[in-house]
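In my numbering, the protein residues as written are 21 to 129. Backbone N, C-alpha and C fix where the C-beta goes; we use that ideal spot for every residue, glycine too.
In structure tokens, the structure reads:
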């Protein structure tokens, strides 16, 4: 689990460092979760920061963006799955019934 989180944040940081090199002063909340955006939404976020990519740059960035988005989405899915499995083990360890599990999960939202 720790390795998955470490890999996730290293890849995310690497991508955001490249974005920062375009001239963005501050990474917005949306940009920080770029892996949840479409490429068009990503480009709009760049435009908000007055970064306008030409067609060649868009082609290069689209491939780069989609590659990182897929990698991070896959890692996030593995992290969430592992987290869910750990939760189930803890519930079993403490002998919680479905009602108690529901209470715990709702309190964590």
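Where residue i falls, given that 16 or more other Cβ within 10 Å makes a residue buried
{"i": "residue 32", "result": "buried"}
{"i": "residue 80", "result": "exposed"}
{"i": "residue 65", "result": "buried"}
Cα-Cα separation between residue i and residue j, rounded to whole angstroms
{"i": "residue 51", "j": "residue 39", "result": "9 Å"}
{"i": "residue 128", "j": "residue 49", "result": "22 Å"}
{"i": "residue 113", "j": "residue 106", "result": "10 Å"}
{"i": "residue 63", "j": "residue 29", "result": "22 Å"}
{"i": "residue 117", "j": "residue 27", "result": "34 Å"}
Residues of its chain near residue i, where Cβ-Cβ distance is below 6 Å and the 5 sequence neighbours each way are ignored
{"i": "residue 83", "result": "none"}
Same chain, Cβ closer than 8 Å to residue i, five either side skipped, listed in chain order
{"i": "residue 103", "result": "21"}
{"i": "residue 36", "result": "47, 51, 52 and 54"}
Beta-carbon proximity list for residue i, same chain, < 7 Å, skipping 5 on both sides
{"i": "residue 24", "result": "95, 98, 99 and 102"}
Where the alpha helix (DSSP H) through residue i begins and ends
{"i": "residue 84", "result": "75 to 113"}
Given 8 Å as the limit, is there contact between the segment 51 to 67 and the segment 85 to 92, that is, 3 or more CB pairs closer than that?
-> Below 8 Å, enough C-beta pairs join the segment 51 to 67 and the segment 85 to 92 to call them touching: three or more.
Meets three-Cβ-pair contact criterion under 8 Å: the segment 112 to 127 and the segment 69 to 78 | Below 8 Å, too few C-beta pairs join the segment 112 to 127 and the segment 69 to 78 to call them touching: fewer than three.
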